[in-house]
Amino acid sequence: MNSEDETETPDEAPNDAEELFGESEDDLVKLREAASFDAFVVSSDWTAETLLSQIQRNNIEMDPIFQRRDAWDRKKKSRFIESLIVGLPVPQVVLAERKGKKGKFIVLDGKQRLLTLIQFAQGDFKLSGLELRSDLNRCSIDTLPSDERLAFETQTLRTMVVRHWQGDEFLYLVFHRLNTGSVPLSPQELRQALHPGPFVAFANSYTTEDSSFSRLFGRKDGPDFRMRDVELLVRHFAFIRFLPEYAGNLKDLLDLTCARLNSTWTVEQAAVEQQSKDCAEAIAVVSEVFGKNAFRRHNGEDYERPFNRAVFDIMCFYGRHRTVRDRMQSNPVGVRRAFEELSLDSRFVASLTSTTKSMEAVEIRLSKWGRALERAIDVELQIPTAQGSRIAYSAI
318 MNSEDETETP
328 DEAPNDAEEL
338 FGESEDDLVK
348 LREAASFDAF
358 VVSSDWTAET
368 LLSQIQRNNI
378 EMDPIFQRRD
388 AWDRKKKSRF
398 IESLIVGLPV
408 PQVVLAERKG
418 KKGKFIVLDG
428 KQRLLTLIQF
438 AQGDFKLSGL
448 ELRSDLNRCS
458 IDTLPSDERL
468 AFETQTLRTM
478 VVRHWQGDEF
488 LYLVFHRLNT
498 GSVPLSPQEL
508 RQALHPGPFV
518 AFANSYTTED
528 SSFSRLFGRK
538 DGPDFRMRDV
548 ELLVRHFAFI
558 RFLPEYAGNL
568 KDLLDLTCAR
578 LNSTWTVEQA
588 AVEQQSKDCA
598 EAIAVVSEVF
608 GKNAFRRHNG
618 EDYERPFNRA
628 VFDIMCFYGR
638 HRTVRDRMQS
648 NPVGVRRAFE
658 ELSLDSRFVA
668 SLTSTTKSME
678 AVEIRLSKWG
688 RALERAIDVE
698 LQIPTAQGSR
708 IAYSAI
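318 is the number of the first residue of the sequence shown in our numbering; add one for each residue after it.
This is the structure in structure tokens:
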């Protein structure tokens with residue numbers, strides 16, 4: 318298990334990890350093709366001082382947004398620094414050299430370790446909770462004894478660098494395999510590194526400022542450090558704007574969403590900002606109507622505990638409209654009854670547990686809930702329908 322994954326996370330349905338990295342036969346074909354190019358991995362022993370220098374020169378890209386999504390507490394940071402000082406082994410850092418930019422790197426694994434190096438070197442925290450070197454408790458970088466400071470700066474960290482990769486799929490595969498067996502990481506961190514731009518920056522800042530999204534993952538304050546809140550917002554835009562382009566691969570649809578909205582930002586900014594507010598308001602109304610059971614699947618007898626992304630998709634897909642939200646608030650009992658009765662439909666239930674690699678499941682969950690909601694609130698809705706190998710839908 319990676320040391321960065323020890324933080325406890327709330328229960329949630331495993332939809333995203335499975336649908337993004339299920340490695341179906343089609344996915345494996347794409348991954349084999351991506352891996353068949355001349356990508357190779359170089360192992361280096363970089364010192365802490367070298368890594369800090371690379372970061373300070375912007376050769377290792379550490380998005381400032383990461384600073385606001387800090388996963389480690391001071392004790393964990395302090396023990397990492399202690400390990401460097403006394404020479405204990407620490408997990409490797411994995412980087413990928415950016416295409417067309419020799420010497421510029423994306424972080425695939427080790428973000429929290431690199432953040433800790435930066436923060437300690439900048440004097441942002443003092444060591445605390447140390448056991449092996451309790452004499453160093455309360456020391457900052459400036460008050461660290463000279464021998465220990467030299468040991469910290471010259472300690473090597475095994476650094477793996479992926480070079481000459483051809484397709485994003487290969488990096489997603491590496492990213493996934495690094496985290497297999499541990500708490501699944503949201504690939505949004507990698508997505509924003511591969512598709513930087515104004516929309517991605519906005520999605521990060523919006524979900525940082527509006528805690529509606531992070532609270533769905535049990536965060537009481539601040540953004541989700543795994544960026545699952547950002548991915549929820551990107552996912553929402555993918556379904557309301559680009560659903561007809563969905564071909565059964567959610568990762569591709571989310572990548573397309575980021576790239577497309579980045580490129581059209583100057584034209585779309587005002588609309589995207591308003592639609593983000595509408596999504597946040599939909600979260601508030603659904604939470605009001607369903608209470609503690611909001612965004613949970615109903616099994617025909619009771620609501621299940623985990624947060625369910627598929628339920629989030631369908632609730633916010635229709636709840637983004639003000640008229641729908643108003644009618645839901647006017648008839649909360651009817652809305653709850655409609656959802657609970659629909660949960661007796663085996664096809665609907667199956668669609669909420671199927672991954673979004675199944676276009677049929679996506680169409681079923683959206684269309685069945687759309688029709689049930691129509692009857693409950695007496696409002697005509699625009700409902701996506703299956704049409705050949707695509708889902709027909711015109712965004713409104």
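Quick reminder that beta carbons are idealized off the backbone N, C-alpha and C, glycines included.
Since residue i and residue j are thought to touch, with beta carbons under 8 angstroms apart, how far apart are those beta carbons, to the nearest angstrom?
i      : j      : result
Val479 : Glu414 : 7 angstroms
Gln409 : Arg475 : 4 angstroms
Val578 : Tyr710 : Just to set this straight, residue 578 is Leu in the shown sequence, not Val. Not a contact, Cβ separation roughly 17 angstroms.
Phe629 : Leu683 : Rounded, the Cβ-Cβ distance is 12 angstroms, inconsistent with contact.
Glu399 : Glu470 : About 14 angstroms separates the two Cβ atoms, so there is no contact after all.
With a threshold of 16 other CB atoms inside 10 Å of the CB of residue i, please say whether the residue is buried or exposed.
i      : result
His481 : exposed
Thr640 : exposed
Arg664 : exposed
Phe357 : exposed
Asp541 : buried
Pro406 : exposed
Thr433 : buried
Thr524 : buried
Asp362 : exposed
Asp695 : exposed
Glu526 : exposed
Asn625 : buried
Give the DSSP-derived three-state secondary structure of residue i in the structure shown.
i      : result
Phe534 : coil
Asn332 : Low local confidence applies: a pLDDT of 41 at Asn332 is under 50, so the model's placement there is unreliable, with the coordinate-based value given in what follows. Here Asn332 sits in helix by DSSP.
Asp541 : coil
Glu340 : Residue confidence for Glu340 is low, a pLDDT of 43 falling below 50, so the modelled location carries little weight; the figure read from the coordinates is stated next. Reduced to three states, the DSSP call for Glu340 is coil.
Asp681 : For the sequence presented, residue 681 should be read as Ile rather than Asp. Of the three classes helix, strand and coil, the one that applies to Ile681 here is helix, per DSSP.
Ile700 : coil
Asp695 : coil
Ala709 : strand
Asp546 : helix
Asp362 : strand
On the three-pair Cβ rule with 8 angstroms, is the region 503-514 touching the region 567-582? With three or more CB-CB distances shorter than 8 angstroms, the region 503-514 counts as touching the region 567-582.
Unbroken beta strand (DSSP E) runs of length 3 or more, entirely within the region 373-461: which are they? Counting only runs that start and end inside the region 373-461, the beta strand (DSSP E) elements of at least 3 residues fall at 410-414 and 422-426.
How do the region 584-598 and the region 516-535 stand: do at least 3 beta-carbon pairs fall below 8 angstroms, yes or no? Look at the beta carbons and you see the region 584-598 touching the region 516-535: at least three pairs across the two are nearer than 8 angstroms.
In chain order, what are the residue ranges of uninterrupted alpha helix (DSSP H) at least 4 long that sit wholly in the region 576-639? With a minimum length of 4 residues, the continuous alpha helix (DSSP H) runs that stay inside the region 576-639 are 582-607 and 626-636.
Whole beta strand (DSSP E) elements within the region 473-522, 3-residue minimum: Runs of beta strand (DSSP E) with 3 or more residues, each lying fully within the region 473-522, are found at 473-480, listed in chain order.
Meets three-Cβ-pair contact criterion under 8 angstroms: the region 432-448 and the region 386-393: In short, these stretches touch, since the Cβ pair count reaches three.
For the region 414-430 against the region 451-465, are there 3 or more C-beta pairs whose distance is under 8 angstroms? Remark: fewer than three beta-carbon pairs, one from each stretch, lie closer than 8 angstroms, so the region 414-430 and the region 451-465 are not flagged as touching.
State whether the region 630-640 contacts the region 684-694, with contact taken as three or more CB pairs (one from each stretch) at a distance under 8 angstroms. Here the region 630-640 lies against the region 684-694, with 3 or more beta-carbon pairs under 8 angstroms apart.
Measuring CB atoms only, is the region 561-568 touching the region 606-615, in the sense that at least three cross pairs come out at less than 8 angstroms? No, the region 561-568 is not in contact with the region 606-615.
With three or more beta-carbon pairs closer than 8 angstroms as the criterion, would you say the region 428-435 touches the region 483-493? At 8 angstroms Cβ cutoff, the stretches do not touch.
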